[in-house]
Amino acid sequence: MKTTLKYSRREAHEVCFGGVKIGGGNPIAVQSMTNTPTADVELSVAQTKRIAEAGAEIVRLTAQGKKEGEALAPIMQRLHTEGVKAAIVADIHFTPEIAMIAAEAVDKVRINPGNFRTSNGELQRLIEICRRRGVALRIGVNHGSLAKRIFDEYGDTPEGMVASAMEFLQMCREADFHDVVVSMKSSNTRVMVHAYRLLVEAMEREGMTYPLHLGVTEAGDGIEGRIKSGVGIGALLADGIGDTLRVSLTEDPENEVPVGRIIVDYFAKREGEFEVDNIDAYSPTSFCPRTTAKPIIHSEITSEYAVIEATSMNPTHEWRAAILNRKDCTPVVLRRRYEESNKERVAIYAAIDMGQLLIDGLADGVWIDAPALSDKEIEDIELMLLQASRLRFSRTEYIACPSCGRTLYDIQSTLAKIKERTSHLKDLKIGVMGCIVNGPGEMADADYGYVGSSPEHITLYRGREIVERNIHQSEALDHLIEIIKRDGRWHDPK
Ligand code: SF4
Numbered sequence: 040m041k042t043t044l045k046y047s048r049r050e051a052h053e054v055c056f057g058g059v060k061i062g063g064g065n066p067i068a069v070q071s072m073t074n075t076p077t078a079d080v081e082l083s084v085a086q087t088k089r090i091a092e093a094g095a096e097i098v099r100l101t102a103q104g105k106k107e108g109e110a111l112a113p114i115m116q117r118l119h120t121e122g123v124k125a126a127i128v129a130d131i132h133f134t135p136e137i138a139m140i141a142a143e144a145v146d147k148v149r150i151n152p153g154n155f156r157t158s159n160g161e162l163q164r165l166i167e168i169c170r171r172r173g174v175a176l177r178i179g180v181n182h183g184s185l186a187k188r189i190f191d192e193y194g195d196t197p198e199g200m201v202a203s204a205m206e207f208l209q210m211c212r213e214a215d216f217h218d219v220v221v222s223m224k225s226s227n228t229r230v231m232v233h234a235y236r237l238l239v240e241a242m243e244r245e246g247m248t249y250p251l252h253l254g255v256t257e258a259g260d261g262i263e264g265r266i267k268s269g270v271g272i273g274a275l276l277a278d279g280i281g282d283t284l285r286v287s288l289t290e291d292p293e294n295e296v297p298v299g300r301i302i303v304d305y306f307a308k309r310e311g312e313f314e315v316d317n318i319d320a321y322s323p324t325s326f327c328p329r330t331t332a333k334p335i336i337h338s339e340i341t342s343e344y345a346v347i348e349a350t351s352m353n354p355t356h357e358w359r360a361a362i363l364n365r366k367d368c369t370p371v372v373l374r375r376r377y378e379e380s381n382k383e384r385v386a387i388y389a390a391i392d393m394g395q396l397l398i399d400g401l402a403d404g405v406w407i408d409a410p411a412l413s414d415k416e417i418e419d420i421e422l423m424l425l426q427a428s429r430l431r432f433s434r435t436e437y438i439a440c441p442s443c444g445r446t447l448y449d450i451q452s453t454l455a456k457i458k459e460r461t462s463h464l465k466d467l468k469i470g471v472m473g474c475i476v477n478g479p480g481e482m483a484d485a486d487y488g489y490v491g492s493s494p495e496h497i498t499l500y501r502g503r504e505i506v507e508r509n510i511h512q513s514e515a516l517d518h519l520i521e522i523i524k525r526d527g528r529w530h531d532p533k
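Residue numbers (the numbering used here): 40 to 533.
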């Protein structure tokens, strides 16, 4: 059966909060999150203003305890007096009481179903406050922090994430409360894309149209972090999924906003329709690669590969149609020319254009044709793109949290130091997390973890097992390297 592929957004109902409208065909909203201690009203107001000035329509602050929850009212007052237009969201983990305090102050409350009690009517009480004040809710599922009973039944799978979200969405629907947004974040782009697609299927079966918030967690920093976010977020936006997004970077939060804006603007120009003979030739929710060829970059192309160049304004669908219409099993390389001279933009555009085909197992290689960039720069971007799509690991993978008001040490400079000493260990995943409350869960499948346990003190992990507790930061990196050496997984840089 013939199908026409084109870019069109999934229909979601409109959710309004703090003057922002998402879903309902409104433009995709860009958001970010502060990393100041929320209880410090001055610092938090100043950073929220900087993020809003950078162009974010929504700004989130963490509220982990009572003093942070109670700081939200004066923060809101100051932002209002100073004319800041961004909608303000409180991020709650663990404590329903803080969610109630936050809902009395902010425009939207994010709760994590993995650690929010539902047994004593807490969600219903929270919904009543939200309804009374016109506050929206986000059901924010995280791959690394599923509830134990969900984990026991499904493991840490996309299916478990969907079950967790659907349980809360049903409760919201039963309470006749619809100002709800959902997210399904993971640091693993493949898990994240499959989870959102499965959620959309599950919601469609139930006649639900909640808008979706997109994000890749712990994406790291620099070009690598931008590519990882571009791959995951871009793959879903190409499907038409997504109403608001956050690009999480281990950098100043103001840096996240222009990257989000580049992604949104790039999708505003998707034009073109492409006919496909057999759309059922791939699965959108499980990884079934089309060939067994080794994923390659352009300098490795041999005669065994077919190169497919996309030239339209909708390269993702153009490639998809060309690959699905092929009658042979020749491995394919995606080629596209980028005239931009800015390396960051080339990397983000290529991640958005090519990521979905790589995540879906439809493509076997990438060829970025960017005359303004050096061969080395192009090769680096191509390798990062294959790694972000989880097809080929050529460097150490860092699962680094973006930091927030809970962060216990200077994560940006620490990540740079850890990268300097370990980036040649290409088979390792290292988690660099700001706090012990959420860090160990959210660094998911990292081989080693460097996690803040008290101010300037670090706990080191091997997988999920604690190896050294609460050592001073000045010694922690040396100790981590010693552990890697003891495990026989270290080699000196070439
Ligand atoms: Fe904040 Fe990082 Fe802890 Fe997540 S892991 S709560 S971003 S400090």
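The C-beta atom is built at its ideal place from N, Cα and C for all residues, glycine as well. Keep in mind the model is a prediction, meaning the values are calculated, not measured.
| Check | Outcome |
| --- | --- |
| Separation of L499 from I127, as counted between CA atoms | 34 angstroms |
| Beta strand (DSSP E) runs wholly inside the region 283-337, at least 3 long, in chain order | 283-285, 313-315 |
| Inter-residue Cα distance where the pair is F207 and A409 | 46 angstroms |
| Collapsed DSSP secondary structure at V174 in the structure displayed | coil |
| Residues near Q512 by beta carbon distance below 6 angstroms, same chain, minus five either side | Y448, E495, I497 |
| Proximity below 8 angstroms, CB of Y249 to CB of V219 | yes |
| Status (buried if at least 16 other CB within 10 Å, exposed otherwise) for V346 | exposed |
| Of the residues L397, P152, E416, the one placed nearest L425, counting alpha carbons only | L397 |
| Per DSSP, cross-strand counterpart(s) of G254 | The partner list for G254 (beta bridge, DSSP) is empty, contrary to what the question assumes. |
| The ligand SF4 heavy atom lying under 7 angstroms from the CB of V476 | yes |
| Contact check, K147 vs F56, beta carbons under 8 angstroms | yes |
| The alpha helix (DSSP H) enclosing M115, as first and last residue numbers | 105-120 |
| For F56, the residue or residues it bridges with in DSSP | V59 |
| Secondary structure of I150, DSSP reduced to three states | strand |
| Euclidean distance between Cα positions of E198 and N181 | 12 angstroms |
| Neighbour-count burial assignment, N159, 16 or more Cβ in a 10 Å radius | exposed |
| CA nearest to the CA of C211, picked from C169, I391, R229 | C169 |
| Residues of its chain near Y305, where Cβ-Cβ distance is below 7 angstroms and the 5 sequence neighbours each way are ignored | Y388, I391 |
| 6 angstroms CB neighbourhood of I166 in its chain, flanking five on each side removed | A214, F216 |
| Which of helix, strand or coil DSSP assigns to M210 | helix |
| C-beta atoms of G259 and T228 nearer than 8 angstroms | no |
| 8 angstroms Cβ cutoff met for L401 and I340 | no |
| Identity of the residues DSSP links to I97 by a beta bridge | Q70, A126 |
| Inter-residue spacing [alpha-carbon to alpha-carbon] between P334 and G404 | 5 angstroms |
| Chain-order list of residues whose beta-carbon lies under 8 angstroms from that of A360 (same chain, five-residue window excluded) | L44, F313, E314, V315 |
| Contact test: G473 Cβ vs the ligand SF4 heavy atom, cutoff 7 angstroms | yes |
| Beta carbon of R149 nearer than 8 angstroms to that of G108 | no |
| beta-carbon R285 near the ligand SF4 non-hydrogen atom, thresh 7 angstroms | no |
| Range covered by the beta strand (DSSP E) that runs through I475 | Looking at the DSSP string, I475 is not in any beta strand (DSSP E), and its letter there is neither H nor E. |
| P441: CB within 7 angstroms of a non-hydrogen atom of the ligand ZN | Among the ligands modelled here, namely the ligand SF4, the ligand ZN does not occur. |
| Inter-stretch contact (C-beta, 8 angstroms, three-pair minimum) for the region 456-472 and the region 93-111 | no |
| Whole-number beta carbon distance between A455 and I420, since they are thought to touch under 8 angstroms | So it is not a contact: roughly 20 angstroms between Cβ atoms. |
| Identity of the residue in E81, A186, V506 nearest A112 by Cα | E81 |
| Cβ-heavy atom distance, R445 to the ligand SF4, below 7 angstroms | yes |
| Through-space distance from R171 to G394, alpha-carbon basis | 42 angstroms |
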